[in-house]
Each structure stands twice: as C-alpha cells, then as structure tokens.
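J.:
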Amino acid sequence: MTHGSDCCTTAEDGAEGGQQQPLILERVEKEVGKNCRTIVLHRLKKHCSCTPKKAKSKIFGFFPILNWLPRYKLRDWILGDAMSGLIVGILLVPQSIAYSLLASQDPIYGLYTSFFSSIIYALLGTSRHISVGIFGVLCLLVGQVVDRELALAGYFTESNISSNNSAVLLAGQGNGSMGVECDRSCYAITVGATVTFTAGVYQVLMGIFQVGFVSVYLSDSLLSGFATGASLTILTSQFKYLLGLKIPRPQGWFTLFKTWYSLLTNLGNTNICDLVTSLVCLLILIPTKELNDRFKAKLKAPIPFELFVVIIATLASHFGRFNTDYGSGVAGDIPTGFLPPQMPSWSLIPNVAVDAFSIAIVGFAITVSLSEMFAKKHGYTVDANQEMYAIGFCNILPSFFRCFTTSAALTKTLVKESTGCQTQMSGLVSALVLLLVLLVIAPLFYSLQKCVLAVIIVVNLRGALRKFTDIPRMWRANRVDTSIWLITMLTSSLVNTELGLLVGVLVSAFCVLGRTQQVQVLELGRAASREHYEDLSSYRGLQTHPGMAVFRYEAPIYYANQSLFKKSLYKRVGLDPVREKTLHLKFKKQKRKQQEEVAKDPNMKAEKEDAEAAATVTLMPDEKSRRSLHSIVIDCSAILFLDTAGVNALKEVRKDYGELGVKVVLAQCNTSVLDTLERGGYYPDTKGGDGGEKIIFFTIADAVRYVQSLSAPNGDCDTKC
1 MTHGSDCCTT AEDGAEGGQQ QPLILERVEK EVGKNCRTIV LHRLKKHCSC TPKKAKSKIF
61 GFFPILNWLP RYKLRDWILG DAMSGLIVGI LLVPQSIAYS LLASQDPIYG LYTSFFSSII
121 YALLGTSRHI SVGIFGVLCL LVGQVVDREL ALAGYFTESN ISSNNSAVLL AGQGNGSMGV
181 ECDRSCYAIT VGATVTFTAG VYQVLMGIFQ VGFVSVYLSD SLLSGFATGA SLTILTSQFK
241 YLLGLKIPRP QGWFTLFKTW YSLLTNLGNT NICDLVTSLV CLLILIPTKE LNDRFKAKLK
301 APIPFELFVV IIATLASHFG RFNTDYGSGV AGDIPTGFLP PQMPSWSLIP NVAVDAFSIA
361 IVGFAITVSL SEMFAKKHGY TVDANQEMYA IGFCNILPSF FRCFTTSAAL TKTLVKESTG
421 CQTQMSGLVS ALVLLLVLLV IAPLFYSLQK CVLAVIIVVN LRGALRKFTD IPRMWRANRV
481 DTSIWLITML TSSLVNTELG LLVGVLVSAF CVLGRTQQVQ VLELGRAASR EHYEDLSSYR
541 GLQTHPGMAV FRYEAPIYYA NQSLFKKSLY KRVGLDPVRE KTLHLKFKKQ KRKQQEEVAK
601 DPNMKAEKED AEAAATVTLM PDEKSRRSLH SIVIDCSAIL FLDTAGVNAL KEVRKDYGEL
661 GVKVVLAQCN TSVLDTLERG GYYPDTKGGD GGEKIIFFTI ADAVRYVQSL SAPNGDCDTK
721 C
C-alpha cells in the first residue's frame, strides 16, 4: 500500500481465503513553482480588475435593496410589510425613549437612533425579517462608557444636576476635546456618538478583511449567558428610577453590588409618587404583555399596551403636576426636527477604542445570529460579511447625527415576523412612524415620568430572565454548554459586563481544549460479518486478531495533548516501551556490576548467582502479564491535524515499540495529516527518515492484512510494481 505508484503489496485475506489487491491511490501533484509574488499579483489582478459586469455585481451586492425592490410583489407583500412596520414603529417610540436612559442619553437621541438605523439597514441588510435599532445590552455598554467619561471630564454627577442638564463645562476639559461650551447632555451624546463611530469602523473593517467568521467563536450558550447577565445589571440599574432616587451610576467592577448598596442606603429618600406610578404600570404591563404572548397566534398584531401606558401616564403626570408638586423625574424637553451633523470627538477615540471593540463584536454577533436564524426558518440565505457592512454603517452614518450603537433586537424582530413582514420595506414604514414623532409628536412627551420608562425596560427583560427556569433542562442536555452559560452570566452580572464576554470566550476555548485532553485511545475489534472496526467497549461480538491490536485516537495530536496520547496508548496496549526499556537497561547495568564483583572475588560466586536470579525476577519485564504483540495498527481517521509535536510523538511511538520488536503502522490518514507526516520526516523515504519503503494504508483491513503477512511463515508476499 503505497503513496503514488512506487510500490504495491498483496496479502492473503484470512477471512476470504484468497488474495486481494490492496487499494492504491495516486495523489494529485500540487502545483509548485509559483512564488509568493506571482500569487499576490494574481489575486490583486483578480480583485482589482474592473469590468462593467463586475462593477454592477459589486454595487448590487453592497446595496441588496437593488436586488429585491425591482422584484417587489406589491399586491402580495405590501399589506404585511405595512402592518409589521406600523406595529414595530409604534413599539419603537416608547422603547427608544426608555432605552435612552440606559445609554445615559436624552430621549430625543433614542428616537434619532431608531430612525436612522431602520433606513440604513433597509438599504444594506440581507435579512428580510430582523429589526435593527436599540438593543438593551448595547445601551448598557454604551451607558457605562458615557458615565465613565463624564466623570473623567469633571461633569457633575446625576445627583447634583437639575433635570434640564444645566451643568456646563468646556467640552473635553481635561481631555483636549472641542473647547466649546457644552452641557452634560451635549457631552454625553458626544461620547456616545464617538463610541458608536469607532464600533462601526471596527465592523466595516471586519467586513473588508472578510473576518465575519469571528462570530463562530461566540456560541449560543455564551451569547445567551452574556445577555442574561447584562439583563440582571440592566434590571438593577433601573431600580433607582422605579424608586425615584437620584444616585450616580457606579463605575468599575462589581457594579451590581455597588448599585444595591446605594439603593439600600438611600431607600429612605424614595419618591412616593414615582414608586406608586411604577407599581401601577407594572401591574398593568406585566399581565397585558403575558396576554400578548399567550394569544400571539390568534392576534394579527400585538396590542401596543406600552404606548397606551405611555400616553395615559404622560397625561396623568401633566395634569397632576407630578414634576413640580412631587419632584418626580420626567423626560423633559424633546425637541422636534433634526440637529445638523457633527463630527465625532477624535480625541476621545483612544479612550473608548477598547470598549468600542467589545461593543462591535457583540452587536455584530447578535445581528448575524438572528439574521441567520430567521433566514433558515423562511428558506433564504444571508451574507455574514454584508451584514457586517450593514450594521457597521448603521453605526457610522448615524453617529454624525448624534445617535448611539444599534444592532438587531430579538423582541422587535419576533413582532415583525409575527405581523406578516416580507421584506425590509417594513423597516422603511417604521422609519416613517418615527419621522412623524420626531417632527410633530415628540414635545408632547415632556411630562412622561422616567419611572414609566424604567418600567418598560424592566418588563421587556422578562424573556432574558426566564432563562433561569431553563437551567435544569440545559444541564440535562449539555453540562459543558450550561457551565459556559453560568460562568458567562455570573461574570457579566456580578463582576463586569465586558469582562463577562471575554471570560465566556476564554472558557469556551478552554472547554474545547479540555475535550482534546480527555480523549482516550480506543481498542477496536472487527465485526464478524464484514471488515468493519469499532470500539470493543461499545459493541458486543467484535473479534480481535491474535498478536496484533487496532487502536483509534479521536482527537488531533498536537503540543498540548501529545504526551497524553502516548500515555493513553501505552496504557491501552498494556505494554509501556519506555518502562520496558528502562527496566532492561537497569537489569543489564546490575548484571554487569555483579559480574565485575564476581571477577574480583571468586568465592562469592554462588551468592552472586542467587542475587542475580532474584534481580532477574524483579527487573526483567513480566512476559506473562504483558500482551504478546508483534504489530499495532493506529486508525487515524479521527485525527484532524498534526503539528510538529504530534509527528514527533508518532515517531517516538514507532521507534519505542520497534525496539521491542513491535511494528506500528498508520491507517486511514487524511491528506493533510499525510502531508504533515511527510514534511515532518515520519516516512522513511522523506528527509530525516531511516531508509526503506513508504507504505500508506487507506483502510484498516489493508493494514491488518499487511502486518499479518509480515508475521506469517514465509509470508513476505510484497511484490514490487
């Protein structure tokens, strides 16, 4: 069995009783002679050449709307798109205002963010169903950065400023920023927009360099644990609004404990008006949202109870004078129209670059996972790299209009799908609803209490918090994934949100590495009816070959597990060649020492012979207890790759057993493993080999017949081709 056609062998098939030709395959010779310069020039020519057809393909690929809009089925799709867009737009109004609190921004900026992201994703996105806009976890991450930069810039804490954000400093005092008068609200959105711009640049660069694959490192269990942990932090951060307390958001690690400490120490300052309003809104929204969930199959569209609560609460606050008479915190002035574009603060980018990277990764991963999930459900495909461009420009372009970071949002995506959405035309309809609010209705929300907005955020966390009830089921299904979920969730909530994401990635990586560390060598047996080999400990009725054993290792062999591979193989074989060699050398050394002593003193010959016999029994290998083997076949079909340490490990196994007269052969190696073995000098006719023929076995049966032919009397039936 050879590589190419250098040599072929035949062997007697014991089961069939006749000769069977071995499988001989000829490898395709890889093209050589092209240097790196030639390859680079060829690729540059391929990617940089411009033809009308290629230019059209690039433009249509970058703007997917140009593909689906001309084929838009007006009669069939417009009703579903209009209905879903209208419903999502109505839901976005209160949620955009509410989640602005979480990002430490004024309500108007949340409306801006949802408006611009809906339009841009409709132009650039490849998913027909996801709703891109404000997402709670990203708002939390942005809010943490904003509060940190506000504190570093010397702005007053929230407890020391009035509701109209009258605190004014020179913008960027202490960090060399714009050098113009800017109040706290202005500086907060400057920080938020700069974070958003930087995150968008990261995402577009990832798209340019085709690194959309990074999302595969964020498993479902990791993302779910991260979102649940962040949800606990979000829930805790909203209690100060529910109770009407004016306490600053704590910075650094262990914010959950710091927040609860501040809440408990300031409990006596609770605003009764805000507390009563919060309880009433909770008592209304929780049951009504549950009704929406329970009857969503029968309802053509979810009832917008949030909007009803916002309208009623705003009217009650306005006519009841809750702000002036009871000191209740309200949304404040929400201007109409749009502000002129503004450049990000370039001096802030070094401060927020690391935070923006984690925000970019989370935003992209959530968007791609949701888009792929709904695409699979409805039978179409999405382009991960185009999604990277889409979500990147949903951050870059709106950042000039004082917006903060966006991504796909599960709740609104589910609503969009359930209300008949067919294309991203529904996103444009949602943008029209938000435009109406921005131009006409926004000032009417002046008296809306912040505690009502906090209630909306808390109620929308129900889905993430329900994950805790799934822990027993998750544990029964997969303990490793559940452990990743728990560690990520606990780190994100109890220690630090961004750290939770990093810890989750590291734990996932170590779990993968750990699985390769736990793999054990399996001994295989042959099925009675055919030449098929499986694990002896897993199946009954398998047969073994006398004087020979077949083993399989179901993991790659590399630097981290090569010693474990050898240890497991030696244990499974029942013959440790290193130990045997050590004992043999020790015995020879002791025997030589005894002979020297006898030569010096002939009178002690009898005593030395008795001691020598005892030493022989002690030091020589126990031939009865060890397996009587002449050959070992290693099935490499499950070995995906080898590194230099892995090749050296296989060399050592072959050499150590060869010194004991046991031949080791490999079977069913894939082509990448074969190439690595060749480059590493494993085969005798390659550089660094030990001479002789290179024989490759494509099946275990061929390897077994070959080693049987070597051990049989007059069994050297190799024939040269």
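Numbering (the working numbering), first residue to last: 1 to 721. Don't be surprised by glycine CBs; every beta carbon is placed ideally from N, CA and C. A quick note: this is a predicted structure, and the numbers were derived from the prediction, not measured.
On the three-pair Cβ rule with 8 angstroms, is the segment 228 to 247 touching the segment 376 to 395?
T.: no
J.: Are the CB atoms of Val503 and Phe551 within a distance shorter than 7 angstroms?
T.: no
J.: Does DSSP put Asn634 in a helix, in a strand, or in coil?
T.: The sequence given here places Ile at residue 634; Asn does not occur at that position. Three-state DSSP puts Ile634 in a strand.
J.: If you reduce the DSSP assignment to three classes, tell me which class Thr683 lands in.
T.: In the sequence under discussion, the amino acid at residue 683 is Tyr, which differs from the Thr named in the question. Correct three-state label for Tyr683: coil.
J.: Please tell me whether Phe551 has its Cβ less than 7 angstroms away from any Cβ of chain D.
T.: No chain D is present in this structure, which holds just one protein chain.
J.: Which residue wins for smallest C-alpha separation from Phe697, given the options Asp675, Leu666, Ser358, Glu678?
T.: The shortest C-alpha separation from Phe697 is found at Leu666.
J.: Please say whether Ser118 and Gly420 have beta carbons closer to each other than 7 angstroms?
T.: no
J.: Take Phe135 and list the residues in its own chain whose beta-carbon comes closer than 6 angstroms to its own, dropping the five residues that flank it on each side.
T.: Once the five neighbours on either side are set aside, the close Cβ partners of Phe135 are Ser407, Ala409.
J.: Below 8 angstroms, can you find three or more Cβ-Cβ pairs linking the segment 639 to 651 to the segment 548 to 565?
T.: yes
J.: On a CA-only basis, which of Asp702, Leu205, Val653 is nearest Gly786? Give me that one, please.
T.: Because the chain is modelled from 1 through 721, residue 786 falls outside the range shown and cannot be assessed.
J.: In the DSSP assignment, find the unbroken beta strand (DSSP E) run with Tyr533 in it and report its ends.
T.: Residue range 533 to 535 is occupied by the beta strand (DSSP E) that includes Tyr533.
J.: Rounded to a whole number of angstroms, what is the C-alpha to C-alpha distance between Ala167 and Asp183?
T.: The predicted position of Ala167 is uncertain, since its pLDDT is 48 and thus under 50; a value taken from the coordinates is nonetheless stated next. Each residue's alpha carbon lies about 5 angstroms from the other.
J.: DSSP state of Ile695, grouped into three classes?
T.: strand
J.: What are the boundary residues of the beta strand (DSSP E) that Phe551 is part of?
T.: 548 to 552
J.: Based on the DSSP secondary-structure assignment, which residues constitute the bridge partners of Leu524?
T.: Asp535, Val550.
J.: What is the DSSP secondary structure of Leu666, counted as helix, strand or coil?
T.: strand
J.: Give me, in chain order, the residues of the same chain whose beta-carbon lies closer than 6 angstroms to that of Glu149; leave out the 5 immediate sequence neighbours on both sides.
T.: Closer than 6 angstroms at Cβ, skipping near neighbours: Val191.
J.: Just the Cα atoms here: how many angstroms apart are Val132 and Ser637?
T.: Distance between the alpha carbons of Val132 and Ser637: 45 angstroms.
J.: Assuming Ala442 and Thr314 form a contact by the criterion Cβ under 8 angstroms, report the distance between their Cβ atoms to the nearest whole angstrom.
T.: Wrong, their Cβ atoms sit about 12 angstroms apart, outside the cutoff.
J.: Under three-state DSSP, which class holds Cys403?
T.: Assignment of Cys403 by DSSP, reduced to helix, strand and coil, places it in the coil class.
J.: Under three-state DSSP, which class holds Cys421?
T.: DSSP places Cys421 in coil when its eight states are reduced to three.
J.: Mind checking which residues open and close the alpha helix (DSSP H) that includes Arg75?
T.: 74 to 102
J.: Short of 8 angstroms in beta carbon distance, which residues of its chain neighbour Leu307, apart from the five on each side in sequence? Order them along the chain.
T.: Ile90, Leu91, Val93, Pro94
J.: Can you tell me whether DSSP reads Asp383 as helix, strand or coil?
T.: The answer is coil: DSSP assigns Asp383 none of H, G, I, E or B.
J.: Please state if the CB of Leu123 and the CB of Ile65 are separated by a distance shorter than 7 angstroms.
T.: yes
J.: For the alpha helix (DSSP H) that Ile59 lies in, which residues bound it at each end?
T.: 52 to 62
J.: If the criterion is Cβ atoms closer than 7 angstroms, does the pair Gly143 and Ala199 meet it?
T.: Judged by their CB atoms, Gly143 and Ala199 are not nearer to each other than the 7 angstroms cut-off.
J.: Here's the rule: buried if 16 or more other CB atoms are within 10 angstroms of the residue's CB, otherwise exposed. What is Asp220?
T.: exposed
J.: Residues in the same chain with beta-carbon distance under 7 angstroms from Gly18, minus the five sequence neighbours each way, listed in chain order, please.
T.: Below a pLDDT of 50, predicted positions are generally treated as unreliable, and Gly18, at 47, falls in that range; no measurement from the model is reported.
J.: Report yes if the C-beta distance between Leu86 and Ser96 is below 7 angstroms; otherwise report no.
T.: no
J.: Buried or exposed, going by whether 16 or more other CB atoms sit within 10 Å of the CB of Cys451?
T.: Taking all protein chains shown into account, Cys451 has 16 or more neighbouring C-beta atoms within 10 Å of its C-beta and is therefore buried.
J.: In the structure shown, what three-state DSSP assignment does Leu494 receive?
T.: Here Leu494 sits in helix by DSSP.
J.: I'd like to know whether the C-beta atoms of Thr270 and Gln449 end up nearer to each other than 7 angstroms.
T.: Against a cut-off of 7 angstroms, the Cβ pair of Gln449 and Thr270 comes out as no contact.
J.: List the residues that DSSP assigns as beta-bridge partners of Ala408.
T.: Val132
J.: Return the first residue and the last residue of the alpha helix (DSSP H) that Trp260 is part of.
T.: 255 to 265
J.: Can you tell which of Ile334, Asn67, Cys403, Thr233 has its C-alpha closest to the C-alpha of Gln342?
T.: Per the C-alpha coordinates, the member of Ile334, Asn67, Cys403, Thr233 positioned closest to Gln342 is Cys403.
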